[in-house]
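Here is the structure we will look at.
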Amino acid sequence: MKKEKVIEVAEELPQEFELEELIEKLIFIEKVEKGLKQLDEKKTLPHEEAKKKIEEWQK
Numbered sequence: 001m002k003k004e005k006v007i008e009v010a011e012e013l014p015q016e017f018e019l020e021e022l023i024e025k026l027i028f029i030e031k032v033e034k035g036l037k038q039l040d041e042k043k044t045l046p047h048e049e050a051k052k053k054i055e056e057w058q059k
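Put into structure tokens, the structure is as follows:
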């Protein structure tokens, strides 16, 4: 994540905020960006295959 993105997110918050709120927003953005990158790189799992894996985990 670039410093500019952190500053942009921080500037959207009210003057006083909990640090945890900023951290949660940054983590969320990082995960979304990572997921979008995986989509671009075709590093995703087809829906049916994902469902099968979840079923295996639940056994």
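Counting from 1, position 56 in the sequence shown corresponds to residue 56 in this note's numbering; the numbering is continuous, with no gaps. Quick reminder that beta carbons are idealized off the backbone N, C-alpha and C, glycines included.
Is there contact between the segment 25-32 and the segment 3-10, where contact requires at least three CB pairs shorter than 8 angstroms? yes
Among residues of its own chain, excluding the 5 on either side of residue 22, which ones have a beta-carbon nearer than 8 angstroms to its beta-carbon? 9, 10 and 13
Have a look at residue 38 and residue 5 and give me their C-alpha separation to the nearest angstrom. Distance between the alpha carbons of residue 38 and residue 5 is about 20 angstroms.
At the level of alpha carbons, what is the spacing between residue 16 and residue 24? 16 angstroms
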